[in-house]
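My numbering puts the first residue of the sequence shown at 343, with every later residue one more than the last. We put the beta carbon where it would ideally sit given N, CA and C, even for glycine. Data first, discussion second: the structure below is written as structure tokens.
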Amino acid sequence: MHLSFAMLIAYSNYFIMLPRYLKHQKAGRYFIEFVIPFAILIMCRVMLQRFVMESFGFHERYYYSTFFVVQLTFDTLLITIFVGMLRFATGWFELEARRKQMENDKLTNELKFLKAQINPHFLFNTLNNLYYLAYSHSPNTTEVIAKLSQMMRYMIYDSNYPKVLLSKEIEYMQNYISLERLRLNNEVPIDFVVEGEVENKLITPLIFITFLENAFKHGVSANTADSWVKISVQLKENQCIYTVENSKLKSIEQREKSGIGLQNVKRRLELSYPNHYTLKTDDQSDRYFVQLNLNL
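Here it is in structure tokens:
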């Protein structure tokens with residue numbers, strides 16, 4: 343009977359009073375709703391205990407002593423506090439879980455927004471190239487359209503996943519380089535090397551393309567002598583080393599315009615590979631070098 347009474351108060355506090363306090367954060371209201379009824383219930387419990395004992399002809403002094411009231415109050419309060427601590431703990435974990443979920447949702451939405459910025463930029467550049475080829479009646483126009491179709495399929499469908507196969511990302515880069523070769527009439531030396539086992543390796547989609555685009559957009563021209571681009575992807579155990587090195591045009595305006603794309607990819611790296619990547623750049627007067635190390 344004693345334990346049942348204590349659990350009744352403890353669970354009333356757990357399911358009714360504490361949730362109200364956690365919602366409104368009003369100590370005065372909690373005092374009125376719990377402490378005063380608690381004292382009244384203790385007195386009712388004492389009177390009920392004495393009535394039951396007297397009904398059966400028992401008149402033990404213990405149930406009429408102050409010690410009985412104090413012990414009953416202490417035991418009930420101890421159980422109530424313990425159950426209340428469980429309520430606070432579960433409430434805190436629920437709030438923390440909701441906070442983390444909201445944070446993850448925010449990061450996911452930001453990543454989607456950043457990737458959405460890449461698609462129009464790429465499409466705009468490629469359509470410009472396609473227009474030039476069509477205008478000049480180039481026989482390569484159909485090949486460009488086919489490769490563009492493959493690349494758009496990758497960007498629209500595959501890149502929606504948090505991770506994709508590294509082999510698919512490399513295939514996407516190869517298609518992009520093929521388009522650039524056509525645009526430059528194969529007059530610019532372009533080296534693309536892949537070393538190591540790329541199969542079954544996963545990577546965040548479209549993480550390499552910005553550096554590649556910048557190399558071609560700001561570093562080479564079919565009308566400029568000594569233009570060149572070198573790209574390499576190296577796999578060493580669980581580390582991917584991606585390097586892009588290119589000659590550099592001397593257009594300050596063009597270099598300044600590349601800032602938005604670099605800010606985009608840096609933010610995506612921070613979100614997708616926190617503390618698991620390093621990015622190094624070397625900007626010389628005649629060349630530009632970037633190296634990205636990723637822990638896969």
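The beta carbon of Ala557 sits closer than 6 Å to those of Val571, Val586 and Asn588, all from its chain and outside the five residues before and after it, given in chain order. The beta carbon of Asp624 is closer than 7 Å to those of Phe631 in its chain, skipping five residues each way along the sequence. With the rule of 3 Cβ pairs closer than 8 Å, the stretch 386-398 does not count as touching the stretch 423-440. For a cut-off of 8 Å, the C-beta gap from Leu591 to Ile573 is around 18 Å, too long to register as a contact.
In the three-state DSSP reduction, Thr585 falls in the strand class (E or B). Straight-line measurement puts the Cα of Gln576 at about 39 Å from the Cα of His479. Taking the CA atoms as reference points, Asp500 sits about 23 Å from Gln605. Between Tyr584 and Phe550, the gap from beta carbon to beta carbon is short of 8 Å.
Ranked by Cα distance from Glu541, the options Ile519, Glu579 and Ile421 are led by Glu579.
The C-beta of Glu612 has fewer than 16 other C-beta atoms within 10 Å across all chains shown, which makes the residue exposed. Looking at the DSSP output, Ile573 sits in a beta bridge with Phe534 and Val586.
Shown here, Thr422 sits in a helix according to DSSP, grouped into three states. A straight line joining the alpha-carbon of Gly603 with that of Tyr615 spans about 18 Å. Less than 8 Å divides the Cβ of Glu511 from the Cβ of Pro547.
Between the alpha carbons of Asp628 and Leu526 lies a distance of about 20 Å. The C-beta separation of Ile519 from Ile498 comes to about 20 Å, leaving the pair out of contact by the 8 Å criterion.
A straight-line Cα-Cα distance of about 22 Å links Tyr477 and Met493. Taking the Cα of Val536 as reference, the smallest distance to any Cα among Asn470, Val530 and Met515 is reached at Met515. By the beta-carbon neighbour count (other beta carbons within 10 angstroms, threshold 16), Lys608 is exposed.
C-alpha of Glu529 to C-alpha of Gly561: approximately 14 Å in a straight line. Under the DSSP assignment, Tyr496 falls in the alpha helix (DSSP H) whose first and last residues are Thr483 to Ile498.
With fewer than 16 other Cβ atoms from the protein chains shown falling within 10 Å of its own Cβ, Ser397 counts as exposed.
Straight-line measurement puts the Cα of Ile378 at about 30 Å from the Cα of Phe435. Of Glu445, Tyr473, Thr422 and Glu513, the smallest CA-CA separation from Lys489 is found for Glu513.
Nearest in C-alpha terms to Ser509, of all of Arg610, Glu539 and Tyr474, is Glu539. Remark: C-beta atoms of Leu621 and Leu634 approach each other more closely than 8 Å. DSSP places Tyr503 in the coil class of the three-state scheme, outside both helix and strand. In this structure, DSSP gives Phe550 a state outside helix and strand, which the three-state scheme calls coil.
Nearest neighbour of Thr418 by Cα position, chosen from Gln443, Phe380 and Glu438, turns out to be Phe380.
The continuous stretches of alpha helix (DSSP H) do not include Tyr630, which lies in the beta strand (DSSP E) extending over residues Arg629 to Asn637.
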